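Take a look at the structure set out below.
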Amino acid sequence: MKKDFQRGVLSVAVVFVAAGIAPVCAAQADPIASYPSKPVRFIVPFVAGAGTDTTGRVVASKLSEVWNQQVVVDNRAGATGAIGVDLTAKAPPDGYTICLISGSQTVNSAVNEKLPYDLAKDLKGITQMTTLPYAVYVNTAVPAASIKEMVNYAKNNPGRLTFASSGTGGLQHLAGELFAHSAGVKMLHVPFKGAGAGILAILGGEVQSGFSTLLGVKPHASSGRLRILAITAAKRSSTAAEYPTVAETIPGYEVDQWYGLVISAKAPAALVNKINAAVVGALKSPDVIARLGADGSTPVGSSVDQFTNHVKNEITKWRKLAKDANLALQ
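Residue numbers (numbering that gives the first Met the number 0): 0 to 329.
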């Protein structure tokens, strides 16, 4: 009787192992298949309320729906975004820490030799999420209604045409330096603590020109207080069809304040591809397109390889400008 009972218990145990434990072990052996099985940390390396933060929250919210799992935005501002990016580079490569970066991070990587990470080696691109050109704009006292006239004014007044930026070594700063270098003119850079402060300075006539997003500048242009001359996209944009591009006057000029996602470079390719597919799908949602469009952004949704190459090319571009124009950025 006792032996029969023991054999019965053993049989039940074997069935339990076969039907219950084995599948659990299999799932544990393949965490990519079950990803995400817990909340995902979505690092935004800038303060809450900034353009980067707004874009990040739109995408994070949609991913929460797609994955049926919390995607928690974690603002880790500081050091021009380097703090948040460094946290991502050093995080476990399991997909539960991803980070939003912008074109500013490639500028930072190109001109700052003291970063604790190598953006092209220690992090892996997931996808470029959006594209967002700048507007080139001037105070209405500047005698220029086009890029050609702005260039002529700068040539006739070397070093007198000033331009504002959100800080030395940032994307707005290098957008102005690339403009001056490409056009063969001299312009004086005036840095401020943030894009908003630069716009206010131009409105007040303290500075003559600037490079900033259409979202921040267009209301002032509509009221006649500023004049938008062009956008910095490579081609004309359907969302800003009324404006020509700088490239129509200065061939090859392009500046894009894009946003994208990165992860630890040690993350498995299959995991990165899975996250890429989810994000690209989210970017095609009509509600996401509308919400990003309200901020002036256009969804992209590139492949892993395309975005990885884009980051490398951007770093090379800004590093070359810093060298060719002999910029003192530190």
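Glycine is no exception: its CB is placed at the ideal position from the N, C-alpha and C atoms.
Predicted model, so just to flag it, every value in this text is computed and none were measured.
Within the model, the alpha-carbon separation for His180 versus Gly251 is close to 12 angstroms. Exposure of Gly158 is indicated by the presence of fewer than 16 other C-beta atoms within 10 angstroms of its C-beta. If you draw a straight line from the Cα of Glu176 to the Cα of Ala327, it comes to about 11 angstroms. As a beta-bridge residue in DSSP terms, Pro190 pairs with Ser164.
Secondary structure of Arg318 (DSSP, three-state): helix.
Where Gly209 is concerned, there is no enclosing alpha helix (DSSP H), although the beta strand (DSSP E) around it starts and stops at 208 to 212.
Within a 10 Å sphere around the beta-carbon of Val43 sit 16 or more other beta-carbons, which makes this residue buried. In the DSSP assignment, Tyr152 falls within the unbroken alpha helix (DSSP H) covering 146 to 155. For Lys120, the CB contacts under 8 angstroms within the same chain, skipping 5 residues up- and downstream, are Ala264 in chain order.
If the five residues before and after Val254 are omitted, its C-beta is found closer than 6 angstroms to the C-beta atoms of Tyr133, Ala174, Thr231, all from its own chain and listed in chain order. A direct Cα-to-Cα measurement between Ser36 and Gly280 gives close to 19 angstroms.
Residue range 122 to 130 is occupied by the beta strand (DSSP E) that includes Thr129. For Arg226, there is no enclosing alpha helix (DSSP H); the enclosing beta strand (DSSP E) covers residues 225 to 230. In the DSSP annotation of this structure, the continuous segment of the beta strand (DSSP E) that includes Gly259 starts and ends at 258 to 263. Note that the C-beta distance between Leu260 and Thr126 is below 8 angstroms. With a contact defined as Cβ atoms closer than 8 angstroms, Arg56 and Thr96 miss out at about 17 angstroms. Excluding its 5 nearest sequence neighbours in each direction, Lys311 has C-beta neighbours in its own chain below 8 angstroms: Ala119, listed in chain order. For Arg235 and Leu86, the gap between their C-alpha atoms comes out near 37 angstroms.
Contact annotation: the stretch 273 to 287 does not touch the stretch 199 to 218, with fewer than three C-beta pairs closer than 8 angstroms. Ranked by Cα distance from Ala49, the first of Glu205, Ser301, Glu241, Gly193 is Gly193.
Put simply, the backbone Cα of Ala289 is about 13 angstroms away from that of Thr53.
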